[in-house]
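There are 2 protein chains.
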Amino acid sequence: MSKNQNVSDYKSTKQRNKIIQVLQDAKRPLTAEEIYLLVKDELPSVVISTIYRNMEALKNIIVKTVYNDGKARYALTKEKHTHNLICLKCTKIIAIEKCPLEALEKNLSEQNSFEILEHKLEIYGHCKDCR
Amino acid sequence: MSKNQNVSDYKSTKQRNKIIQVLQDAKRPLTAEEIYLLVKDELPSVVISTIYRNMEALKNIIVKTVYNDGKARYALTKEKHTHNLICLKCTKIIAIEKCPLEALEKNLSEQNSFEILEHKLEIYGHCKDCR
DNA sequence: GATGCAATTGCAACCCGTTTGCATCTAATT
DNA sequence: AATTAGATGCAAACGGGTTGCAATTGCATC
Chain A
4 MSKNQNVSDY KSTKQRNKII QVLQDAKRPL TAEEIYLLVK DELPSVVIST
54 IYRNMEALKN IIVKTVYNDG KARYALTKEK HTHNLICLKC TKIIAIEKCP
104 LEALEKNLSE QNSFEILEHK LEIYGHCKDC R
Chain B
4 MSKNQNVSDY KSTKQRNKII QVLQDAKRPL TAEEIYLLVK DELPSVVIST
54 IYRNMEALKN IIVKTVYNDG KARYALTKEK HTHNLICLKC TKIIAIEKCP
104 LEALEKNLSE QNSFEILEHK LEIYGHCKDC R
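One line per chain: the protein sequences are A and B, in this order. The first sequence begins at 4 in the numbering used here and counts up one residue at a time. The second sequence begins at 4 in the numbering used here and counts up one residue at a time.
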């Protein structure tokens with residue numbers, strides 16, 4: 004049994020460790036397939052359902068966001084969460100470090116009697132190179 | 004041929020007209036299936052692919068947003084766009100009329116040399132009744 | 001009103017991201 | 001080393017959305 008009830012008794016497997024490493028190295032949220040391909044470089048026998056099952060198993064430390072293309076992106080939860088500028092031409096993704104909503108959440112929450120737990124913001128447009 | 008190249012030569016069909024009416028009456032963005040069921044009340048022979056094809060045909064006047072449940076929601080483009088507070092317990096959706104990003108877009112755009120065309124913001128949490 | 005024709009629809013099959021059942025394997029404890 | 005619950009690989013299934021095709025319909029022209 005684990006000493007820490009939050010960590011639970013999940014096992015440490017090569018697949019899981021590599022998945023976490025891939026997400027740590029990622030500069031932007033990744034799709035399941037992107038994670039799969041990166042993990043496969045090192046563990047060729049991995050299958051994509053292992054990725055999906057780990058996204059579920061690790062959900063406490065992962066944020067999932069479904070983009071308008073219908074594919075989910077996964078990223079490790081960080082102290083400072085980020086949002087993305089997504090280029091509609093080249094699909095480049097640029098992270099914005101400062102969350103523009105931070106300052107507004109309190110008001111929004113009070114005005115609507117709504118307890119805000121999380122939010123999803125993506126901004127679409129054209130990047131410098133594609134304008 | 005049409006007199007107006009923007010309006011294009013789309014035909015006015017009962018299905019299309021009813022779809023638009025359903026969206027006009029809607030108080031929140033609807034899924035394809037919700038639209039389908041509402042249209043079906045009046046036009047029982049309609050099929051769901053007709054809904055999807057019309058979402059594509061009408062894309063100039065419709066905003067599509069994929070939520071984290073993997074389903075797209077559709078709403079008519081209005082002068083003032085809205086965002087939603089989405090309750091994670093009862094799935095109630097509360098519209099916020101004032102877009103909290105309006106004021107911030109200009110800065111964001113300049114700081115990142117990014118031409119902002121649209122954005123997607125959804126806020127998740129617990130509504131008054133579910134807290 | 002009849003004709004021509006492209007847009008639209010209904011239907012069924014398909015696509016693709018994601019999930020699941022099951023047998024096997026493996027990490028972690030004894 | 002034996003035990004066993006959790007994890008993995010594999011293949012099949014699921015579900016939202018898309019597409020090919022033949023039949024229908026809106027609409028411009030006669």
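Each residue gets a CB set at the ideal place from its N, CA and C atoms; glycine is no exception. Model, not experiment: these values are computed from the prediction.
Item	Value
CB contact below 8 Å: I119/B versus chain A	yes
Residues, ordered as in the chain, of the region 49-69 of chain B that lie near chain A by beta-carbon distance below 8 Å	K67, T68, V69
Contact set between the region 103-131 of chain B and chain A, restricted to residues whose Cβ is under 7 Å from the partner	P103, L104, L107, L111, N115, S116, F117, E118, I119, L120, E121, H122, K123, L124, E125, I126, Y127, G128, H129, C130, K131
Whole-angstrom distance between N20/B and T68/A, CA atom to CA atom	33 Å
Residue closest to L33/B, alpha-carbon to alpha-carbon, out of K123/B, L79/B, F117/B	L79/B
Contact with chain A by I99/B, beta-carbon distance below 8 Å	yes
CB contact below 8 Å: R134/B versus chain A	yes
Beta-carbon contacts of S112/A that lie in its chain and below 7 Å, excluding the five residues immediately before and after	E118, I119
Contact with chain A by N9/B, beta-carbon distance below 8 Å	Confidence in N9/B is poor, its pLDDT being 30 and thus under 50, which makes the residue's placement too unreliable to answer from.
Identified DSSP bridge partners for R136/A	For chain A, the structure presents residues 4 to 134; residue 136/A sits outside this window and is missing.
With 16 other Cβ atoms within 10 Å as the buried cut-off, status of N7/B	Confidence at N7/B is low in this model, with a pLDDT of 32, below 50, so its placement is unreliable and no value can be given for it.
Nearest candidate by alpha-carbon position, reference R31/A, set K123/A, N115/A, K95/A	K95/A
CA-to-CA distance, N57/B to P103/B, given in whole angstroms	30 Å
CB contact check: N71/A to chain B, cutoff 8 Å	yes
Classification of V50/A by the beta-carbon crowding that lies within 10 angstroms, buried from 16 upward	exposed
Partner residues on chain B for L88/A, Cβ-Cβ distance less than 7 Å	N115, F117
E125/B - DSSP class collapsed to helix/strand/coil	strand
Where Y39/A falls, given that 16 or more other Cβ within 10 Å makes a residue buried	buried
Exposed unless 16 or more other CB atoms sit within 10 angstroms - verdict on I64/B	exposed
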